[in-house]
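In the numbering used here, the protein residues as written are 235 to 377.
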């Protein structure tokens with residue numbers, strides 16, 4: 235584990251993991267189903283990850299795409315590697331929607347569509363709502 239994984243709420247936000255990657259629900263849901271895909275390794279540069287982490291990235295992204303598609307039916311998926319505040323290698327994974335997404339009586343907008351995602355806009359969600367989203371994705375995670 236590393237500090238970036240902990241900052242994004244591990245273990246409470248954990249959806250799944252592979253040998254080299256942790257998949258977490260992003261506490262600020264800029265879009266419905268937003269995740270963090272974080273390297274377990276302590277690397278602060280993408281190129282410093284061990285070779286096995288790159289091979290494992292294919293498994294992690296494939297399972298993310300399967301689970302999010304089944305959970306929410308997004309139109310596009312954006313992977314953003316910013317690492318400006320949180321130093322360890324991680325991606326913000328943002329499902330994108332061309333119209334409002336609905337889940338458990340809530341409406342989730344994608345105000346940046348069709349351009350870059352707006353990471354500063356997110357609905358105020360309580361712990362129960364975040365847990366419901368987490369479970370919706372985790373229950374569709376491929377075996």
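By construction, the Cβ of each residue, glycine as well, lies at the ideal position given by its N, Cα and C atoms. Predicted, not measured: the structure shown is a model, and the values here were computed from it.
Non-local beta-carbon contacts of residue 375 in its own chain, meaning distances under 7 Å to residues more than five positions away in sequence, involve 249, 250, 297, 301 in chain order.
Looking at the backbone, the Cα of residue 352 and that of residue 269 are separated by about 14 Å. DSSP places residue 293 within a helical segment (H, G or I) once states are collapsed to three.
If only uninterrupted alpha helix (DSSP H) runs of at least 4 residues are considered, those enclosed by the segment 282–342 are 285–306. Each residue's CA atom was taken as its position, placing residue 323 and residue 279 some 6 Å apart. When C-beta atoms of the segment 279–293 are compared with those of the segment 346–361, fewer than three pairs fall below 8 Å, so the two segments do not count as touching. For residue 266, no alpha helix (DSSP H) encloses it, and the DSSP letter there is neither H nor E.
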